[in-house]
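This report concerns only the one structure given below.
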Amino acid sequence: MGKKQLMKGNEAIAEAAVQAGCKTYFGYPITPASEVIEYLSWRLSEAGGEFVQAESEVAAINMVQGSAACGVRTMTGTSSPGMSLKQEGISYIAANELPCVLINVQRGGPGLGGLGPAQGDYFQAVKGGGHGDYRTIVLAPSTVQEAADLVMEAFDLADLYCNPVMVLTDGILGQMMEVVQFKSGTQRELPVKDWAVKGSAEHADGQRRIVTSYYLDSEKFEKFVKHLGEKYAQIQKAEQRWEEYLTDDAEYLIVGFGTCGRIAKSTVQMARKEGIKLGVIRPISLWPFPVEAFAKDVKGYLTVELSLGQMIEDVKLAVGDTTPVEFYGRQGGMVPTPEELLEQVKEKFDLK
Amino acid sequence: MNKVFDKTKGLTDVKTHYCPGCTHGIIHRIIGEILEEKNLLGQTIGVTPVGCAGFAERYFNCDMVGAAHGRASAVATGVKRSLSDKVVFTYQGDGDLASIGTAEAIHSAARGELITVIFVNNAIYGMTGGQMAPTTLPEQKTSTSPHGRSIEKAGFPLDMPKILSQIEGAAYIASGSVDSPKSIIQAKKYIEKAFDTQLAGKGFSFVSLLSTCPTNWGLSPRDAINWLQENMIPYYTLGELKTWK
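Protein chains in written order, with the working numbering: chain A, 1 to 352; chain B, 353 to 597.
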């Protein structure tokens, strides 16, 4: 463990990447994510890596593809409109089964939107966004410490599954300063990247390596897509992550990720003082969605999001039709207060 | 009997999918020969485009990465920044580099990226069936300019080597053709110099080659060569447009 430091969320993400062994970063400036690229512009070369400020988000993600194909730990970061531009590259990276880490410090959308925090990129992050049958592992932190931890974890998961991993934060988490302590090194045994291009003279077997995703033979292509499907099923089984807060005796649960999950904890403390048995499920892995967390005997769920309601679809799929699933959201960069959420709990579940 | 010619080890034995009379094969062979002659095959990573050369990773006998449409020089940037001691080249067509990937090409040059870009200009989208390209000549008929490219509606062709030669970070820019034995020998010298530029760490290197597309031009291979000589050679700037040697 390193020493405790006070850091901005975006800078903690950037430092965590360096400490996780990230060797290349390709990015483009955008509010509220710019501290990631600013920090890495000096820090990465200090740590023996390479940094490129790309001409566009599109170029940046394709540089990531090239770097990932070399077996190097690589990352790009942006905010919502930038992430839209990266979707083409993410599809190719997933198809090429290349490991990389993507950061999205979400702001309000659609369109140019606003600069305030939002969670409206849930669908894009979790359901795809680029073309074709692929999945991105998506991790959503709710504190600066957790953001740093999950970035390190993201590099491991990317290498383990040869898949892009996204850390989905928002403008609040990116701009907020908190105490953070960087954990040392990976404990996991990770597969050797013998598929990486290095120049054929570098390969022990002398065989050249090809990284591509082009198939004109439908039978072979189906076989490959089914292989992806099996990998995704394995990830769904092994990588569901979530946090529970006072769920043991809870009659009602707030479901919220990232910033919303954090605010909901304060709501629970207030509710408990009034005798309302409220708890929180905070999904940490958004894909795979933590379906296992929802095997609960409760009277109702309130999904809280900084959007018009996107994760609620996954909550409903996980809960089934046995228990009511309600929704409350704020948009445009507005954030609910704990009091506001308590009011909603009372209103939706008739507890007044 | 002495063997006077052998296929280069720079290319694999996989049969190419190129149409009869297409000049991609000549350009592939030149690159393969240079990589073999310079003993670079084991240290080279090639990046392929989307378009007719989208399967070229099967043909070049070195490590290869396939890029999305137009993104080859961005992918090559990622490779070169990760493996700075290796040789990195892209192989791109005119739709790929001069249209959807213009930004990537120009900014790789601006950064002085130590990569070699081979640009094949046949004035048409070949793989998708002969649509108008950014390099299609005025009045040239294609499947999306059936009455000939209208300057009023579709503007003028882009002369990529001329544009790139204006960029400070570009160290070597040459523009040739593969329409005759003489021009093929010249093209090989250009490509050799381009790789030398990269090896010497001088900056971005780029070779444009005028090429034919008999299938989509609707001409026999011989007539296609004539068409290139009569129409493309007078239009496009040829020669070494920028060099450091």
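Where a beta carbon is used, it is the ideal one built from N, C-alpha and C, also for glycine. Here the structure is a predicted model, which means the values were calculated and not measured.
Sequence-distant residues of the same chain with beta carbon closer than 7 Å to residue i, five excluded per side
| i | result |
| --- | --- |
| residue 24/A | 49, 50, 67, 72, 74 |
| residue 213/A | 92, 95, 96 |
| residue 522/B | 461, 516, 555, 556, 558, 594 |
| residue 388/B | 360, 361, 362 |
| residue 407/B | 369 |
| residue 378/B | 530, 536 |
| residue 265/A | 245, 280 |
| residue 232/A | 135 |
| residue 538/B | 528 |
Check whether residue i and residue j have beta carbons under 9 Å apart
| i | j | result |
| --- | --- | --- |
| residue 497/B | residue 512/B | no |
| residue 199/A | residue 384/B | no |
| residue 273/A | residue 252/A | no |
| residue 62/A | residue 456/B | yes |
| residue 495/B | residue 482/B | yes |
| residue 332/A | residue 111/A | no |
| residue 128/A | residue 307/A | no |
| residue 57/A | residue 78/A | yes |
| residue 467/B | residue 434/B | no |
| residue 428/B | residue 420/B | no |
| residue 509/B | residue 488/B | yes |
| residue 108/A | residue 80/A | yes |
| residue 527/B | residue 562/B | yes |
| residue 478/B | residue 445/B | yes |
| residue 441/B | residue 469/B | yes |
| residue 54/A | residue 18/A | no |
| residue 386/B | residue 543/B | yes |
| residue 588/B | residue 413/B | no |
| residue 20/A | residue 155/A | yes |
| residue 443/B | residue 475/B | no |
| residue 545/B | residue 597/B | yes |
| residue 275/A | residue 349/A | no |
| residue 549/B | residue 374/B | no |
| residue 83/A | residue 125/A | yes |
| residue 294/A | residue 268/A | no |
| residue 64/A | residue 89/A | yes |
| residue 449/B | residue 430/B | no |
| residue 33/A | residue 104/A | yes |
| residue 144/A | residue 270/A | no |
| residue 500/B | residue 486/B | no |
| residue 360/A | residue 263/A | This structure cannot settle anything about residue 360/A, because the visible part of chain A is limited to 1 through 352. |
| residue 210/A | residue 417/B | yes |
Those residues which DSSP pairs with residue i across a bridge
| i | result |
| --- | --- |
| residue 477/B | 483/B |
| residue 594/B | 525/B |
| residue 152/A | According to DSSP, residue 152/A bridges with nothing at all. |
| residue 444/B | 471/B |
| residue 354/A | Outside the displayed range of chain A (1 to 352) lies residue 354/A, so it cannot be described from this structure. |
| residue 544/B | In DSSP, residue 544/B forms no bridge with anything. |
| residue 177/A | 8/A |
| residue 350/A | None, per the DSSP bridge assignment. |
| residue 397/B | 415/B, 440/B |
| residue 242/A | 283/A |
| residue 164/A | 100/A |
| residue 559/B | 470/B, 526/B |
| residue 170/A | 106/A |
Spatial neighbours of residue i in its chain, beta-carbon cut-off 6 Å, leaving aside the 5 residues before and after
| i | result |
| --- | --- |
| residue 157/A | 137, 165 |
| residue 343/A | none |
| residue 353/A | The requested residue 353/A does not occur in the structure, where chain A is confined to residues 1 to 352. |
| residue 392/B | 439 |
| residue 116/A | 108, 171, 333 |
| residue 581/B | 531 |
| residue 592/B | 526 |
| residue 85/A | 57, 58 |
Cβ-based neighbour list, residue i, same chain, cut-off 8 Å, excluding 5 preceding and 5 following
| i | result |
| --- | --- |
| residue 329/A | 304, 305, 306, 307, 308, 309 |
| residue 352/A | 346 |
| residue 250/A | 277, 278, 279, 296, 298 |
| residue 239/A | 137, 157, 285, 288 |
Taking 8 Å as the threshold, find out whether the stretch 313-327 of chain A comes into contact with the stretch 166-174 of chain A through three or more Cβ pairs. Of all C-beta pairs linking the stretch 313-327 of chain A to the stretch 166-174 of chain A, fewer than three are shorter than 8 Å, placing the two stretches out of contact.
Would the stretch 243-262 of chain A count as touching the stretch 275-283 of chain A if we require 3 or more Cβ pairs under 8 Å? Inter-segment contact for the stretch 243-262 of chain A and the stretch 275-283 of chain A is present: three or more beta-carbon pairs are separated by less than 8 Å.
Touch check for the stretch 174-182 of chain A and the stretch 141-151 of chain A: three-plus C-beta pairs under 8 Å? Touching, yes, given that three or more Cβ pairs across the two stretches are closer than 8 Å.
So within the stretch 70-119 of chain A, which uninterrupted beta strand (DSSP E) runs reach at least 3 residues, ignoring any that extend past its ends? Correct list: 74-78, 100-106.
4 or more residues per run - each alpha helix (DSSP H) lying fully within the stretch 6-79 of chain A: For the stretch 6-79 of chain A, whole alpha helix (DSSP H) runs of length 4 or above, ordered along the chain, are 9-19, 34-46, 57-69.
Would you check if there are 3 or more beta carbon pairs closer than 8 Å linking the stretch 40-48 of chain A to the stretch 132-139 of chain A? No, the stretch 40-48 of chain A does not touch the stretch 132-139 of chain A.
Should the stretch 150-163 of chain A be regarded as contacting the stretch 97-109 of chain A, the criterion being three or more beta carbon pairs within less than 8 Å? The stretch 150-163 of chain A is in contact with the stretch 97-109 of chain A.
Any 3 or more C-beta pairs closer than 8 Å across the stretch 285-297 of chain A and the stretch 200-207 of chain A: As far as the Cβ criterion goes, the stretch 285-297 of chain A does not touch the stretch 200-207 of chain A, which means the pair count is below three.
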